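One structure is given here, and the rest of the page talks about it.
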Amino acid sequence: MSNPRRNRPAYDADEILEGIRTWVFVESPTNVPDGVNRVMDLAEREMVSAGAAIERESGGEGYGDLLTARIPGESEGPGILVLGHLDTVHAVGTLERELPFRREGDRVYGPGIYDMKGGMYSACYALKQLLRAGRTPNLPVTFMFIPNEEVGSPTTRSRIEAEAKRHHYVLVPEPAKEGKLVTGRHAIARFRVRVRGRPSHAGSTLARGRSAIREMAEQILAIEGMTDHEAGVTLSVGIVHGGTFVNVVPIECEAEVLAVLPAQEDIERITAAMVGLEPINPDVSVAVEVGPLRPVFAPHSKVMDLYSRAESIAGEIGFNPGHGSFGGGSDGNFTGALGLATLDGLGPCGDGAHTHDEYILYSSLVPRARLLAGLLASLDVPDEPA
2 MSNPRRNRPA YDADEILEGI RTWVFVESPT NVPDGVNRVM DLAEREMVSA GAAIERESGG
62 EGYGDLLTAR IPGESEGPGI LVLGHLDTVH AVGTLERELP FRREGDRVYG PGIYDMKGGM
122 YSACYALKQL LRAGRTPNLP VTFMFIPNEE VGSPTTRSRI EAEAKRHHYV LVPEPAKEGK
182 LVTGRHAIAR FRVRVRGRPS HAGSTLARGR SAIREMAEQI LAIEGMTDHE AGVTLSVGIV
242 HGGTFVNVVP IECEAEVLAV LPAQEDIERI TAAMVGLEPI NPDVSVAVEV GPLRPVFAPH
302 SKVMDLYSRA ESIAGEIGFN PGHGSFGGGS DGNFTGALGL ATLDGLGPCG DGAHTHDEYI
362 LYSSLVPRAR LLAGLLASLD VPDEPA
């Protein structure tokens, strides 16, 4: 008679999707900590039901909470870190208006479903299915749910890095890029540009003023003009604030810039160019503040060994994931840059991150959950390099 505690894990796409739907229905933009914490409550409930020991602490500086959940393995010591975030870029109300949850054929739409509630729920599900089947991971497993990844993880980077250093492997269920696993990521740099002009009445004394908005408009053209698509270097201004009244020449304007940079020399060159921005118009000042940086995550031997393991498991499931380096950043940038065995892009396939067309593919839910479960079940203490 077979041992019922050693059954093969079962995977049900409808069951996975229902769990993802529950998380998506709690809107959690980074700047709404109550919403982020409500999703953290759901994640905590999932992990408690799996028998995890829970650690929950403030994200700091007004962000939502940081949630860490620990599951013992067959052995003690360094293990597997599953790393991801539950904050999104979508404003409260997006679910009701621009991006309602719905399924259209193979596509399932919703705010944050692809980036990355679908991946983090799938990882929880994969672990729970293993445990239900009586299979304990070889190594201890730690889940870390981040509240502010979408703004660069400014208060959580140090905690991510400290936790990651206590593990052999880092699995990041960010969405699959074109169906591929992610074995490298470009750096992501952020800058804040502040312009100060001279106010005056916009009607009777317009010539006396110096418009901060006009200066910023010209600076934006110069900043985005640094983009070199062939080299993979892109700069984009995503937020602009300025002015007080329409009849006052604006004295202040502020903009936030995101730069995607493939190599360390690109980071140094673009940072120097941004910090060195000079006023274009007379009697106007320009100041640049360097923000959070996600370092370059370049593929290395530990990463590729981990990918080879994932490729083998995927082959047994019946698909070939492929891999590559991509421009979108994640918290995997931090762990990969530390030289840790990091495999990213383990979440469901789909597209439309950060847009009103964000979706996952229903057909990818079971294969990706099985891949996550296979890694959690089979990863063991790595061989020491010769």
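Counting with our numbering, you get residues 2 to 387 for the letters of the sequence shown.
The beta-carbon is built from N, C-alpha and C at its ideal position, and this holds for glycine as well.
This structure is a prediction, so every number in the text was calculated from the model and none was measured.
Can you tell me the Cβ-Cβ gap for residue i and residue j, rounded? I've got them flagged as a contact below 8 Å.
i: residue 388; j: residue 374; result: Here the chain comprises residues numbered 2 to 387, so residue 388 is not present and cannot be evaluated.
i: residue 145; j: residue 162; result: Not confirmed; about 11 Å, so no contact.
i: residue 345; j: residue 186; result: 7 Å
i: residue 376; j: residue 295; result: Going by Cβ atoms, the distance from residue 376 to residue 295 rounds to 24 Å, so no, they are not a contact pair.
i: residue 203; j: residue 249; result: 6 Å
i: residue 158; j: residue 335; result: 6 Å
i: residue 58; j: residue 66; result: 7 Å
i: residue 182; j: residue 324; result: 5 Å
i: residue 184; j: residue 304; result: 5 Å
i: residue 238; j: residue 225; result: 6 Å
i: residue 297; j: residue 342; result: Wrong, their Cβ atoms sit about 17 Å apart, outside the cutoff.
i: residue 380; j: residue 315; result: With a Cβ gap of about 14 Å, residue 380 and residue 315 do not count as contacting.
i: residue 217; j: residue 274; result: Contact flag wrong, Cβ pair sits at about 17 Å.
i: residue 15; j: residue 362; result: In fact, because the Cβ distance is near 14 Å, the residues do not count as touching under 8 Å.
i: residue 284; j: residue 199; result: 6 Å
i: residue 196; j: residue 287; result: 5 Å
Helix, strand or coil, according to DSSP, for residue i in the structure here?
i: residue 299; result: coil
i: residue 249; result: strand
i: residue 217; result: helix
i: residue 278; result: coil
i: residue 94; result: coil
i: residue 66; result: strand
i: residue 290; result: strand
i: residue 43; result: helix
i: residue 227; result: coil
i: residue 84; result: strand
i: residue 105; result: strand
i: residue 204; result: coil
i: residue 8; result: coil
i: residue 312; result: helix
i: residue 36; result: helix
i: residue 194; result: strand
i: residue 157; result: coil
i: residue 270; result: helix
i: residue 209; result: helix
i: residue 387; result: In this prediction, residue 387 scores a pLDDT of 37, lower than 50, which makes its location untrustworthy; the coordinate-derived value is nonetheless stated afterwards. Three-state result, residue 387: coil.
Would you give the residue range spanned by the beta strand (DSSP E) that residue i belongs to?
i: residue 254; result: 253-262
i: residue 241; result: 235-243
i: residue 127; result: First-last for residue 127: 119-133, but that is the alpha helix (DSSP H), not the beta strand (DSSP E).
i: residue 343; result: 342-344
i: residue 182; result: 182-186
i: residue 357; result: No beta strand (DSSP E) contains residue 357, which DSSP labels as neither H nor E.
i: residue 144; result: 142-147
i: residue 59; result: 54-59
i: residue 325; result: 324-327
Check for me: the alpha helix (DSSP H) holding residue i runs from which residue to which?
i: residue 1; result: The structure shown does not extend to residue 1, since the chain spans only 2 to 387, so no value can be given for it.
i: residue 167; result: Careful: residue 167 lies outside any alpha helix (DSSP H) and carries neither H nor E.
i: residue 379; result: 366-379
i: residue 199; result: No alpha helix (DSSP H) contains residue 199, which DSSP labels as neither H nor E.
i: residue 20; result: 14-25
I'd like to know if residue i contacts chain B, where contact means its C-beta is closer than 8 Å to some C-beta of that chain.
i: residue 371; result: In the structure shown, chain B cannot be found, because there is only a single protein chain.
I'd like to know if the segment 191-210 and the segment 283-294 are in contact, where contact means that at least 3 CB-CB pairs between them fall below 8 Å.
Contact annotation: the segment 191-210 touches the segment 283-294, with at least three C-beta pairs closer than 8 Å.
Using 8 Å as the Cβ pair cut-off and three pairs as the minimum, do the segment 254-265 and the segment 225-235 touch?
Note that the segment 254-265 touches the segment 225-235; at least 3 beta-carbon pairs, one per stretch, sit closer than 8 Å.
Counting pairs of beta carbons, one from the segment 108-120 and one from the segment 354-367, are three or more of them closer than 8 Å?
Yes: the two stretches touch, three or more of their Cβ pairs being nearer than 8 Å.
Would you say the segment 314-334 touches the segment 359-372, given that touching needs at least three Cβ pairs under 8 Å?
Because the criterion of three Cβ pairs below 8 Å is met, the segment 314-334 and the segment 359-372 touch.
Determine, using beta-carbon pairs with one atom in the segment 323-336 and one in the segment 92-108, whether at least three such pairs fall under 8 Å.
Here the segment 323-336 does not lie against the segment 92-108, with fewer than 3 beta-carbon pairs under 8 Å apart.
So does the segment 84-97 actually touch the segment 33-46, counting three or more Cβ pairs closer than 8 Å?
Three or more Cβ pairs closer than 8 Å define a contact, and the segment 84-97 meets that threshold against the segment 33-46.
Taking 8 Å as the threshold, find out whether the segment 246-258 comes into contact with the segment 165-175 through three or more Cβ pairs.
No, because fewer than three Cβ pairs between the segment 246-258 and the segment 165-175 fall closer than 8 Å, the two stretches do not touch.
Assess contact between the segment 146-153 and the segment 122-134, defined as three or more Cβ pairs (one per stretch) separated by less than 8 Å. Is contact present?
Of all C-beta pairs linking the segment 146-153 to the segment 122-134, fewer than three are shorter than 8 Å, placing the two stretches out of contact.
Sufficient close CB pairs (3 or more, under 8 Å) joining the segment 135-144 to the segment 69-79:
Yes, the segment 135-144 touches the segment 69-79.
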